[in-house]
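One rule links them: number in the numbering used here = place in the sequence shown (from 1) + 7.
For each residue, glycine too, the CB sits at the ideal point set by N, CA and C.
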Amino acid sequence: MSSSCREETSVSTLAVADPEIDVVEVPVEPAKPRRSTARTLAYLVLPLLVMALAAGVGYLKWQASSAAPSGGESATVVMAATEGATAMLSYRADHVREDLTAASERMTGNFRAEYTTLINDVVIPGAEQKRISAVATVPAAALVFADTDRAQVLVYINQTTTIGADPPTDTQSSAHVDMEKVGDTWLISDFQPL
């Protein structure tokens, strides 16, 4: 007799022995295979992690772009840095005091005070005594970073200097120009030659 027949016989015998017990046969489903941890990680956790990271990066990018000046404002910052650098490095021997004092109006904070001290103690007396003139141009400039009231601009400077009757000398340099928004105007707050 097979084991399934024995089970049926014993169940039948039990049912006959105790007529009050109802016997219900429940088909037994095969056990579901357990998902492996690696499969759960690969198909559930990793995609959720990637989506969370993408959402986080998107939020940070949105925050950064909303804090930075608009395209028009960025152009204004670069223009102010370019014009300010040109003004602070250009002067005529016979108008050096007026030229550099006017240039200091494009500056703010401690940098303005330091620049004013430098031009009054060194540049103006030297330019008047030795008849030094300088013409600076900024052929290229780029915004390095910006937020709502601070920015940094990289400027490339060409400067031609003439001392008395000597032939002019040309120099090229670059500088980081830190800008600060005061009211509606971008002013130079630092100038670091590179």
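Quiz prompt | Burial state of Phe152 (16 or more Cβ within 10 Å) | solution = Answer is exposed; the Cβ neighbour count stays below 16.
Practice problem: Determine the direct distance from the alpha carbon of Met186 to that of Gln159, and round the result to whole angstroms. | Solution: Gln159 and Met186: Cα-Cα distance of roughly 6 Å.
Self-check item: Supposed close pair Val145, Ile164 - CB separation, criterion 8 Å
Solution: Their Cβ separation, rounded to whole angstroms, is 6 Å, which keeps Val145 and Ile164 in contact under 8 Å.
Self-check item: Ranges of the alpha helix (DSSP H) found wholly within the region 123-157, counting only runs of at least 4
Solution: Runs of the alpha helix (DSSP H) inside the region 123-157: 131-137.
Quiz item: CA-CA distance, Gln130 and Val189?
Solution: Note that residue 130 is Val in the sequence shown, not Gln. Take the alpha-carbon of Val130 and the one of Val189: they are about 27 Å apart.
Exercise. Please classify Leu201: does DSSP put it in a helix, a strand, or coil?
Key: DSSP places Leu201 in coil when its eight states are reduced to three.
Exercise. Mind checking which residues open and close the beta strand (DSSP E) that includes Thr178?
Key: That run of the beta strand (DSSP E) goes 176-189.
Quiz item: The alpha helix (DSSP H) with Asp106 in it runs from where to where?
Solution: Boundaries of the alpha helix (DSSP H) harbouring Asp106: 103-111, taken from the DSSP string.
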